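Numbering (our numbering), first residue to last: 1 to 235. The beta-carbon is built from N, C-alpha and C at its ideal position, and this holds for glycine as well. None of the values given here were measured: they were computed from a predicted structure. What follows is one structure encoded as structure tokens, with my remarks underneath.
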């Protein structure tokens, strides 16, 4: 019996379909994307539904790509706004790289692996509400999976004091899916003989079709086996 030391690979075609804190710091702050920025004499004591936080941008991205989002803070009458933004794995670990385009150099900065305002931004009149917006970017990780962007934003009255007149709120956590397939079985060191049955197990993220190829020469060449339909999650 000849033992074949082989490799199986799933190839998928990817297609295109982080977060925010704010205290009474005109030059920004980090670390409050989940807890918010109230209490201890800092802004309102509780989040306010009068302030709306919106993150516009893709929800499905390729691995290791730079993706641009627009973060918006809205309020009916506030004068200035600021933010803090961070990106995490679903287990709460920081993930990916947050940055910003050169056009935002005056207003955005990176701090402690997160983004925040470099200086408060004046809100513009949009008719029924006032708004401040920032362009932010997130370079996605190499590993496919689901990631979470969190943010907090503050709409301030501009009196220079941290008070109830400054109304903050949290962004509803935004899930970003990095497309791809994680092969669970067989392992790279598995060996098979002619006639053996091979069971494939993988986790799919944002991929619906997978091509299966086989290599008997350590990846120098690949032999097509077939195409299978994939579903999000375990396959």
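Endpoints, beta strand (DSSP E) assigned at residue i
i, result
"residue 114", "114 to 117"
"residue 46", "Element bounds for residue 46: n/a, residue is neither H nor E."
"residue 225", "223 to 229"
"residue 177", "174 to 178"
"residue 215", "209 to 215"
"residue 205", "201 to 205"
"residue 148", "145 to 156"
"residue 52", "52 to 56"
"residue 260", "Residue 260 lies beyond the stretch modelled for the chain, which goes from 1 to 235, so this question has no answer here."
Alpha-carbon to alpha-carbon, residue j and residue i
i, j, result
"residue 210", "residue 52", "40 Å"
"residue 219", "residue 69", "38 Å"
"residue 47", "residue 172", "12 Å"
"residue 67", "residue 226", "33 Å"
"residue 176", "residue 123", "28 Å"
"residue 110", "residue 143", "23 Å"
"residue 73", "residue 180", "32 Å"
"residue 113", "residue 31", "10 Å"
"residue 22", "residue 116", "Unreliable positioning characterises residue 22 in this predicted model, as indicated by a pLDDT of 40, which lies under 50. A coordinate reading is not provided."
"residue 97", "residue 232", "25 Å"
"residue 167", "residue 154", "6 Å"
"residue 196", "residue 224", "17 Å"
"residue 93", "residue 216", "38 Å"
"residue 120", "residue 60", "31 Å"
"residue 65", "residue 222", "27 Å"
Buried versus exposed, by CB contacts within 10 Å (16 or more), residue i
i, result
"residue 95", "buried"
"residue 105", "exposed"
"residue 199", "exposed"
"residue 137", "buried"
"residue 84", "buried"
Bridge partner(s) assigned by DSSP for residue i
i, result
"residue 137", "68, 99"
"residue 233", "204"
"residue 29", "None, per the DSSP bridge assignment."
"residue 198", "Answer by DSSP bridge pairing: none, since residue 198 is not bridged."
"residue 185", "201"
Neighbour flag for residue i against chain E, beta carbons, 8 Å
i, result
"residue 123", "Of the chains in the structure shown, none is chain E; there is only one protein chain."
Next item on the list: Counting only runs of 3+ residues fully inside the segment 58 to 134, write out the beta strand (DSSP E) ranges in chain order.
Entry: 66 to 75, 80 to 89, 97 to 99, 108 to 111, 114 to 117
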